[in-house]
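So for the sequence shown, our numbering puts the first residue at 34; every next one is plus one.
Glycine included, every Cβ here is placed at the ideal spot set by N, Cα and C.
Given the structure is predicted, the values throughout are model-derived calculations rather than measurements.
Presented below is the structure to which this report refers.
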Amino acid sequence: MSETLLVTGGAGFIGANFIRTISELRPTWRVVTLDKLTYAGNLDNLEAVEHTFVHGDIAKRPDVDGALASAGTGAIVVHFAAESHVDRSIQDGAPFLHTNVVGTQVLLDAARAHGVKRFVHISTDEVYGSLPEGEFRDENGTLNPSNPYSASKAASDHLVGAAVNTHGIDAVITRCSNNYGPYQFPEKLIPLMIANATNDKTLPVYGDGLHQRDWIHVRDHCEAVLAVLEGGRAGEIYNVAGRNHMTNLDVLRFLLGALGKPESLIRHVQDRPGHDRRYAPDDQKIERELGWKPRFSFDESMRATIEWYGQNARWVKRALSGEYRQYYEEQYGERLKA
Ligand code: NAD
Ligand code: TYD
């Protein structure tokens, strides 16, 4: 059956990869994109992809009404739009509450008014907080967010749950681990370190570098979102993982090895305040219920990702516009001098 999707945050990293995945796997579906085009939103990410673009803020009801009217009754909302970078949330939490919390509530209210068929909310494994060695969290795990970004995402998950319980809205939630792949804004660990290593610049690892993340290729995440959109049970939450746990230092050593650069480029810098030590989602439910599991190996798809950034230097240059340079100075200027 052909569907119409309203994709929020479609000009960002995962949203754009998702729209590209849909255009390939569900070519008859129609896509309306709603995006505010913050520093992280870039229409270059959707070059040559068919979609209707609406420029607007998810926290502003008239913007959302306009986008939903364009999508029409019975559309499916796939909600990626967010402020997504932990370090920025530590510098200033307010935009995170505006978009992640207020924006999600405005979208939920509008979705109800416009007769949306399903609401797919994209969340994160960070809502479970930092986990002790050896422990994994399934979807019943207590939420224990510990930075302004993850707290705002946990709040948005609760708002979606409240809309299901109060209004009977058909919503599903995904909670994925750390993504890598093409079109990721070069402030996040992987694209930042690829860019720095390529240019023989220092790789600033926070603290001892032994913090652990589960890494997943963005295409795997996008296919998981599609599986949940089509087959997830209403009101349910699905964790999504790449089943690939690594310390930050091991990730950096892999990147340096693949690029043929020396490990001496790694520089330990002052730790992120309140830095979560370990995220580890248990993703058995999505495999059991929907038959989804990650298909991409870290080694091969990280090498392909490195190659993509190498071949898309113009994209990187355009993404690194004035605002980002100012942020970089604030984030690393003092740390690199210390
Ligand atoms: P991103 O920062 O690359 O993109 C966010 C997009 O949302 C941008 O295009 C931006 O312009 C848009 N946006 C921001 N505020 C908006 C607003 N008020 N109204 C409309 N659009 C707005 O983020 P991403 O990495 O693609 O993450 C997408 C989603 O996936 C987020 O909800 C994030 O929490 C979640 N997530 C990300 C990861 C990851 O590793 N990146 C992992 C798990 C979950
Ligand atoms: P990030 O990509 O910001 O994702 P998140 O914090 O949401 O997991 O960072 C991934 C890990 O890399 C995290 O433990 C913080 C660490 N990190 C560094 O050590 N140095 C850096 O410059 C950045 C951006 C991140």
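Asked: Can you list the alpha helix (DSSP H) stretches of 4 or more residues lying completely in the region 275 to 316, in chain order?; Found: 281 to 292
Asked: Is the number of C-beta pairs between the region 201 to 208 and the region 153 to 166 that are closer than 8 angstroms three or more?; Found: yes
Asked: Determine the contact status of residue 44 and residue 66, defining contact as a CB-CB distance below 8 angstroms.; Found: yes
Asked: Within the present structure, is the beta-carbon of residue 159 separated from the nearest heavy atom of the ligand TYD by less than 7 angstroms?; Found: yes
Asked: Under 8 angstroms, do residue 113 and residue 40 count as touching if we go by C-beta distance?; Found: yes
Asked: Please report the residue range of the alpha helix (DSSP H) in which residue 217 lies.; Found: Where residue 217 is concerned, there is no enclosing alpha helix (DSSP H), given that its DSSP letter is neither H nor E.
Asked: If you count every other CB in all the chains shown that lies within 10 Å of the CB of residue 244, and 16 or more means buried, which is it?; Found: buried
Asked: Pull the bridge partners of residue 154 from the DSSP assignment, please.; Found: 112, 206
Asked: Buried or exposed: which applies to residue 132, given that a residue is buried once 16 or more other Cβ atoms fall within 10 Å of its Cβ?; Found: buried
Asked: My understanding is that residue 248 touches residue 275, with C-beta atoms under 8 angstroms, so please give their C-beta distance in whole angstroms.; Found: 5 angstroms
Asked: Whose CA, out of 160, 88, 192, lies closest to the CA of residue 20?; Found: The structure shown does not extend to residue 20, since the chain is modelled only from 34 to 371, so the question has no answer here.
Asked: Measuring only the C-alpha atoms, how far is residue 395 from residue 134?; Found: Here the chain comprises residues numbered 34 to 371, so residue 395 is not present and cannot be evaluated.
Asked: Say yes only if the C-beta of residue 288 is nearer than 7 angstroms to one or more non-hydrogen atoms of the ligand TYD, and no if none qualify.; Found: no
Asked: Could you compute how far the alpha carbon of residue 316 sits from the alpha carbon of residue 68?; Found: 29 angstroms
Asked: Which residues mark the beginning and the end of the alpha helix (DSSP H) in which residue 332 is found?; Found: 331 to 344
Asked: Which ranges would you report for the beta strand (DSSP E) in the region 35 to 93 if only whole runs of at least 3 residues count?; Found: 37 to 41, 63 to 68, 85 to 88
Asked: Is the closest heavy atom of the ligand TYD to the C-beta of residue 251 under 7 angstroms?; Found: no
Asked: Determine the direct distance from the alpha carbon of residue 52 to that of residue 372, and round the result to whole angstroms.; Found: Only positions 34 to 371 of the chain appear in the structure, and residue 372 is not among them; the question remains open.
Asked: So does residue 179 have its beta carbon nearer than 7 angstroms to some heavy atom of the ligand NAD?; Found: no
Asked: How many whole angstroms separate the CB atoms of residue 46 and residue 218, which I take to be in contact at a CB cut-off of 8 angstroms?; Found: 6 angstroms
Asked: How far does the alpha helix (DSSP H) with residue 181 in it extend, from its first residue to its last?; Found: 181 to 200
Asked: Starting from residue 238, trace the beta strand (DSSP E) both ways and give me its first and last residue.; Found: 236 to 239
Asked: Could you compute how far the alpha carbon of residue 349 sits from the alpha carbon of residue 234?; Found: 16 angstroms
Asked: I want to check one thing, is the minimum distance from the CB of residue 209 to the heavy atoms of the ligand GTP below 7 angstroms?; Found: Questions concerning the ligand GTP fall outside what the structure shown contains, since the ligands it does hold are the ligand NAD and the ligand TYD.
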